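J.: Can you keep this structure in mind? I'll have questions shortly.
Residue numbers (full-length UniProt numbering): 1 to 186.
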């Protein structure tokens, strides 16, 4: 019997033994969202990453920076039980707000640098989720003033935010790095 091609694996939610069942399903979804984001930015140059086309408020680079900042922020909320500290977490603020709250977002990083930040942030998430169970996932955040969501919603929101911005990335990419058109035959 031959096994199915590896790409077919991405079309099933099959939690790994490292995680409890609910956390494992969530991790699978987080991983799939990330895999498709990475595919959509593959091969972009620094100029393409940081171009903001007319009618758009952000560049692909700003959106990738935002994705990493959102994940890091939810580490604080969910995994550490604390809110952002304006001094301690200043590096997150520009990416989190994408410059809308007076803190300019970082700009000019290479694709490799941005992808490394996404990978590092995700590695922290996965390691922390492996140490928790489904009862924790269903429990509410302990952050004062933001204790109404549960941890499952928090991490769903991280994934939801990435998927939303990935749609923006796809639109921007069509403008800043259009796919070459096949030549018409004579």
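Positions of the beta carbon are idealized from the N, C-alpha and C atoms, including for glycine.
As the structure is a computational prediction, the values presented were derived from the model and not from experiment.
Under 8 Å between the Cβ atoms of residue 113 and residue 75?
T.: Their beta carbons are not under 8 Å apart, which means residue 113 does not touch residue 75 by this criterion.
J.: To the nearest whole angstrom, what separates the beta carbons of residue 157 and residue 136, a pair I think is in contact under 8 Å?
T.: Not quite, the Cβ-Cβ distance comes to about 17 Å (not below 8 Å), so this is no contact.
J.: Should residue 117 be labelled buried (16 or more other beta-carbon atoms within 10 Å of its own) or exposed?
T.: buried
J.: Is DSSP giving residue 31 helix, strand or coil here?
T.: Residue state, collapsed to three classes: helix.
J.: Excluding the 5 residues preceding and the 5 following residue 21 in the sequence, name in chain order all residues of the same chain whose CB lies nearer than 8 Å to its CB.
T.: 15, 134
J.: Given this structure, state the Cα-to-Cα distance separating residue 159 from residue 13, to the nearest angstrom.
T.: 15 Å
J.: Considering only the alpha carbon of each residue, which of 37, 107, 78 lies closest to residue 173?
T.: 37
J.: Take the Cβ of residue 179 as the centre, count every other Cβ of all protein chains shown within 10 Å, and call the residue buried at 16 or more, exposed below.
T.: exposed
J.: By DSSP, does residue 140 sit in helix, in strand, or in coil?
T.: strand
J.: Per DSSP, what kind of secondary structure is residue 150 in: helix, strand or coil?
T.: In this structure, residue 150 counts as strand in the three-state DSSP scheme.
J.: Can you tell me where the alpha helix (DSSP H) with residue 110 in it begins and where it stops?
T.: Per DSSP, residue 110 belongs to no alpha helix (DSSP H) and is neither H nor E.
J.: Taking just the CA atoms, how far does residue 85 sit from residue 153?
T.: 22 Å
J.: Shortest alpha-carbon distance to residue 18 belongs to which of 50, 47, 128, 109?
T.: Checked all of 50, 47, 128, 109; the closest Cα to residue 18 is 128.
J.: Compute the beta-carbon to beta-carbon distance between residue 176 and residue 53, rounded to the nearest angstrom, for a pair I have assumed lies under 8 Å.
T.: Yes, they are in contact, since the Cβ atoms of residue 176 and residue 53 sit about 6 Å apart, within 8 Å.
J.: What are the start and end residues of each continuous alpha helix (DSSP H) run of 4 or more residues lying completely inside the stretch 56-100, in chain order?
T.: Within the stretch 56-100, the complete alpha helix (DSSP H) runs of at least 4 residues are 60-74, 90-97.
J.: Under a CB-based cut-off of 8 Å, is residue 85 close to chain B?
T.: Protein chains in the displayed structure number just one, and chain B is not present.
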